[in-house]
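Asks: Anchor point for the sequence shown: position 4 equals 4 in full-length UniProt numbering, and the numbering is continuous, going up by one each time.
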Amino acid sequence: MVRHTYDCQAGCPVESTLQIISGKWKSVILFHLIKNGTERFGDLQRQMKDCSHRMLALQLKELENDGVLIKTIYPVIPPKTEYRLTSFGETLVPVIIAMEKWGRYYNSTHHEDESSQA
């Protein structure tokens with residue numbers, strides 16, 4: 001059997017991708033933005049009940065700094081803030097969708113393995 005080796009160290013494309021999307025809530029934020037388009041901060045917070053206000057703000061800021069999403073603040077009272085993917089962020093759509101599909105596959109096979117061991 002031929003064993004493949006991959007040279008993936010700091011700076012490799014996989015590592016670069018993981019740096020952008022890693023973070024406890026970043027992939028969840030991206031999933032919601034892909035699924036729903038533009039989202040307001042409060043809407044994201046309601047959908048991500050276990051994510052604190054501070055953590056959500058931090059993860060959104062990091063994604064904004066990486067050029068993945070754009071924050072739009074409307075000059076109204078009360079303030080209205082929306083987030084959406086940039087065109088660069090939209091290039092992550094197939095990555096996140098592939099992760100969702102793989103996660104569904106893993107969860108279905110993992111749970112079957114656990115129930116067969118019981």
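Glycine included, each C-beta is placed from N, C-alpha and C at the ideal position.
Would you tell me roughly how many angstroms separate the C-alpha atoms of L15 and H111, rounded to the nearest one?
Replies: Along the sequence shown, read from residue 1 onward, the residue named residue 15 stands at position 15. Along the sequence shown, read from residue 1 onward, the residue named residue 111 stands at position 111. It is Glu, not Leu, that sits at residue 15 in the sequence shown. Rounded to whole angstroms, E15 to H111 spans 29 Å at the Cα level.
Asks: Helix, strand or coil for I77? Go by DSSP, reduced to three states.
Replies: For the purposes of this step, residue 77 is identified with residue 77 of the sequence shown, where counting begins at 1. Residue state, collapsed to three classes: coil.
Asks: If contact is defined by three or more beta carbon pairs under 8 Å, each pair taking one atom from either stretch, is the stretch 43–55 in contact with the stretch 63–76?
Replies: Verdict: no, contact absent.
Asks: For the candidate residues P13, S27 and C12, whose alpha-carbon lies nearest to that of I96?
Replies: In the sequence shown, the residue the question calls residue 96 occupies position 96. Checking every option, the nearest Cα to that of I96 belongs to S27.
Asks: Tell me whether the beta-carbon of L92 lies closer than 7 Å to the beta-carbon of Y83.
Replies: For the purposes of this step, residue 92 is identified with residue 92 of the sequence shown, where counting begins at 1. For the purposes of this step, residue 83 is identified with residue 83 of the sequence shown, where counting begins at 1. No, the Cβ-Cβ distance between L92 and Y83 is not below 7 Å.
Asks: At which residues does the alpha helix (DSSP H) containing L44 begin and terminate?
Replies: As a working mapping, residue 44 is identified with position 44 in the sequence shown. Taken as a continuous stretch (DSSP letters only), the alpha helix (DSSP H) holding L44 covers F41 to Q47.
Asks: Taking only runs that begin and end inside the UniProt domain "HTH hxlR-type" (12–111), name each unbroken beta strand (DSSP E) of 3 or more residues, in chain order.
Replies: Whole beta strand (DSSP E) segments, 3+ residues: 69–74 and 80–85.
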